[in-house]
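Asker:
Numbering (the numbering used here), first residue to last: 78 to 268.
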């Protein structure tokens with residue numbers, strides 16, 4: 078008998094200053110907005126009773142700062158894992174969604190529907206992104222206890238593809254439980 082437990086909660090970081098402006102960040106490193114800091118504190122209160130063993134975060138400031146707020150509230154330290162960092166989004170970095178649509182008509186809608194894997198410019202190839210994200214999340218999921226991973230929307234794209242669920246918009250501080258079973262990562266439901 079295989080016992081499956083919900084042991085990894087992956088959450089998107091709090092609102093960044095660029096999220097507030099509807100700008101694509103990728104590897105750019107804008108800080109949390111004041112609203113992002115306030116809502117990260119709310120996340121800390123929501124997860125306080127989960128019995129977390131630890132907190133892992135992307136090396137980008139918006140994720141790390143969100144994780145630090147939660148970890149401090151829970152009496153934990155933040156471990157940094159660059160494998161759960163956002164995708165390098167090439168030519169779209171720093172542009173608003175409106176600017177992307179004007180420069181690349183129809184591409185953004187195709188991306189939103191999960192039909193477009195490669196982005197224009199010097200973006201990170203999908204296969205490279207998927208490989209590093211699955212390795213990073215798998216490493217956390219293999220640990221004992223319950224873990225919080227604070228990451229990015231691009232990481233959720235990989236998780237959705239790996240689980241075979243439709244691509245969807247993941248808002249700031251929304252999350253998904255992942256379980257470890259005999260076949261690897263398993264969808265444990267939304268948070």
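Don't be surprised by glycine CBs; every beta carbon is placed ideally from N, CA and C.
Who are residue 166's beta bridge partners in DSSP?
Answerer: Note: residue 166 sits in a beta bridge opposite 200.
Asker: Please check the pair residue 77 and residue 124, which I expect to be a contact at CB under 8 Å, by giving their CB distance rounded to whole angstroms.
Answerer: An answer regarding residue 77 cannot be provided, because it is not within the stretch 78 to 268 covered by the chain.
Asker: Which residues bound the beta strand (DSSP E) around residue 134?
Answerer: Segment 129-134, the beta strand (DSSP E) holding residue 134.
Asker: Starting from residue 228, follow the beta strand (DSSP E) in both directions and report where the run begins and ends.
Answerer: That run of the beta strand (DSSP E) goes 223-228.
Asker: Does DSSP classify residue 155 as helix, strand or coil?
Answerer: Strand at residue 155.
Asker: Identify every residue that forms a DSSP beta bridge with residue 85.
Answerer: DSSP output for residue 85 lists 224, 255 as bridge partner(s).
Asker: Taking DSSP as the reference, what is the three-state secondary structure of residue 110?
Answerer: In the structure shown, residue 110 sits in coil (DSSP, three-state: anything other than H, G, I, E or B).
Asker: Whole angstroms are fine: how far does the CA of residue 198 sit from the CA of residue 88?
Answerer: Roughly 28 Å separates the two Cα atoms.
Asker: Go ahead and pull the three-state DSSP assignment for residue 100.
Answerer: Strand at residue 100.
Asker: Could you check the C-alpha separation between residue 254 and residue 195 for me, to the nearest Å?
Answerer: Going by the C-alpha atoms only, they are around 27 Å apart.
Asker: May I have the straight-line CA-CA distance separating residue 132 from residue 200, to the nearest angstrom?
Answerer: The straight-line gap from Cα to Cα measures roughly 28 Å.
Asker: Pick helix, strand or coil for residue 80, following the three-state DSSP scheme.
Answerer: With a pLDDT of 36 at residue 80, under the threshold of 50, the predicted position of this residue should be treated as unreliable, though the coordinate-derived value follows. Residue state, collapsed to three classes: coil.
Asker: Across the region 237-244 and the region 150-167, are there enough close Cβ pairs to call them in contact, namely three or more that are closer than 8 Å?
Answerer: No contact exists between the region 237-244 and the region 150-167.
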